[in-house]
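Heads up: the structure comes next, in structure tokens.
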Amino acid sequence: MNIPQAVGCLRYYAGWAGKIDGKTLDMEGGIAYTHREPLGVCGAIVPWNAPLMITIWKLAPALVTGNVLIIKSSELSPLYAQRLAELVKEAGIPPGVVNIVTGEGASAGQALSEHMDVRKIAFTGSALAGRKILQAASRTNLKKVSLELGGKGPSIVFDDCDIENALLWTRLGITANNGQICAAGSRIYVQASIYDRFVEAYKKAAAAAPTVAGNPLDISTTKGPVVSRVQHEKILEFIRQGKQSGARLLFGGERIGEKGYFVENTAFADVGDDATIMREEIFGPVASIAKFTTEEEVIFKANDSHHGLSAAIFTNDVNRAHRVSKGLESGQVTVNAWAMLSPNVPFGGVKESGFGRDMGEEALEGWTTVKAIKYHILPRL
């Protein structure tokens, strides 16, 4: 996913070169037009979970709008950025236009966020770090900030859906990249009339897909490790809390082996609305399944979260799909699939999942400022 998405994004924004236009406007006593101008020196602080793809989401629109970009890679995934720097040089981009900074967020990230000559920070990562970046921007030069933060994505399964399709996507939505995705579908709400059937099928589907944990570079491996010891321990602690919450453990729930940071794909059923595993972002392969009866009820449950990044709906009723999509507080809603990405479609969140957009025409606005030029027309004497 990482490389094809990055390539597609570069090609999409290359097509915007020379097409970023302003507007011509009437005004009393004359005419006016607007002109979009680059911000100047900007920064991008990128996470470890899909580093190349997310970097290109920021790099491509920044360059096509005429900016200079400083990229701060995660200390957990620094090598891709060094290779990217080599490719930037090979592509003929002039020195100083794309710059790579490595280091920890508390040092390199903070320095970039506080720098008086940086006019924007585009950040993807945790809400805690996002708040620190906002604070740094407010106490320095009031630089622009765009934030794509955490999520606790709801997947809503209605009784008129294609259940096999819903099973496929709800499993993929929490197991892809070991659930280390901000748009992961970690909350699964299933309509009461098919709840027992769905839960049993979900359990059987997991059992039918044997896990081969090991080196991600080995073609036979189906599950790699999570990113770090800290993340490994955090996921296992959430699983422990899930077991104590009264929820029903369907499968998983343990680490894999004694070496490496491997965690079993895990699912809980009958999860309460106030359970920690239902409310907190785990950033691991842990699904929480709960029952609902009506549209109104599930919209309320889905929106009862500080997050609002991504959601999914499974239904064969197109009217219901539109109706529920409009009711969900989410930056994007996918119908009958999970978190589909396309470079021409904006991606970003609401509420504590952040603001601003990556991808699409909408992203270009975040990398430019608008100048209004007003032309006074002298009256004929």
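For what it's worth, the working numbering labels the leading residue of the sequence shown as 13, then goes sequentially.
All C-beta atoms in this analysis are idealised placements derived from N, C-alpha and C, irrespective of residue type, glycine included.
Asked	Found
How far does the alpha helix (DSSP H) with K383 in it extend, from its first residue to its last?	No alpha helix (DSSP H) contains K383, which is instead part of the beta strand (DSSP E) from T380 to H388.
Under 8 Å: do the region 278-286 and the region 228-246 share three or more Cβ pairs, one atom per stretch?	no
What separation, rounded to the nearest whole angstrom, lies between the Cα atoms of A196 and T380?	30 Å
Between the C-alpha atoms of V362 and L340, what's the straight-line distance to the nearest angstrom?	11 Å
Cβ atoms of L81 and A18: under 8 Å apart, would you say?	no
Considering just the uninterrupted stretch of the beta strand (DSSP E) at D38, what are its terminal residues?	T36 to M39
Could you pull out every residue in the same chain whose Cβ sits closer than 7 Å to the Cβ of P59, ignoring the five residues on either side in sequence?	I66, S86, T136 and G137
How is A103 classed by DSSP in three states: helix, strand or coil?	coil
By Cβ distance, which residues of its chain are closer than 7 Å to F210, with the 5 residues on each side in sequence left out?	V169, I175 and V202
Tell me the DSSP secondary structure of G52 in three-state form.	coil
Rounded to the nearest angstrom, what separates Y92 and T234 at their Cα positions?	22 Å
For the beta strand (DSSP E) that contains L261, what are its first and last residues?	R260 to F263
I'd like to confirm the pairing. Which residues does DSSP put opposite N111 in its beta bridges?	I82
Apart from the five residues on each side of it in sequence, which residues of its chain come closer than 8 Å, Cβ to Cβ, to Q243?	Q192, Y273, F295 and G296
How would you write the range of the alpha helix (DSSP H) that P187 sits in, first residue to last?	The residue you asked about is not Pro; residue 187 is Thr in the sequence shown. Taken as a continuous stretch (DSSP letters only), the alpha helix (DSSP H) holding T187 covers I175 to T187.
From which residue to which residue does the alpha helix (DSSP H) around Y207 run?	Y207 to A219
In whole angstroms, what is the alpha-carbon distance linking L161 and L51?	23 Å
Could you tell me how far apart the beta carbons of K215 and F250 are, in whole angstroms, since I believe they sit closer than 8 Å?	Going by Cβ atoms, the distance from K215 to F250 rounds to 20 Å, so no, they are not a contact pair.
Look up H47 in the DSSP assignment and give the residues it is bridged to.	K383
Grab me the residues of K303's own chain with a C-beta within less than 7 Å of its C-beta, minus the 5 sequence neighbours each way, in chain order.	V202, A204 and Y207
Does S342 come out as helix, strand or coil in the three-state DSSP assignment?	coil
For K84, I'd like the list of residues in its chain whose CB is within less than 6 Å of its CB, leaving aside the five on either flank, ordered along the chain.	I57, V113, A120, G121 and L124
Excluding the 5 residues preceding and the 5 following G269 in the sequence, name in chain order all residues of the same chain whose CB lies nearer than 8 Å to its CB.	A225
According to DSSP, is E126 part of a helix, a strand, or is it coil?	helix
Could you tell me which of L75, G343, G55 and A44 sits nearest to C21, measuring between CA atoms?	L75
If contact is defined by three or more beta carbon pairs under 8 Å, each pair taking one atom from either stretch, is the region 358-375 in contact with the region 316-330?	yes
Tell me whether N331 is buried or exposed, calling it buried when 16 or more other Cβ atoms sit within 10 Å of its Cβ.	exposed
For V357, which of helix, strand or coil comes out of DSSP?	coil
Measuring alpha carbon to alpha carbon, tell me which residue in L353, S150, L99 and A97 is nearest W69.	L353
So, with DSSP's three-state summary, where would you put S158?	strand
Which one of T46, I289, A221 and T77 has the shortest CA to CA distance from G30?	T77
Between the alpha carbons of G34 and R48, how many angstroms are there, rounded?	6 Å
Could you tell me the distance, in whole angstroms, from the CA atom of N153 to the CA atom of R131?	8 Å
With a threshold of 8 Å on Cβ separation, who are the neighbours of N356 within its own chain once the five nearest residues in sequence on each side are excluded?	Y24, M371, G372 and E373
What's the call for K164, buried or exposed, on a 16-neighbour Cβ count within 10 Å?	buried
Per DSSP, what are the beta-bridge partners of R199 in this structure?	P166 and S300
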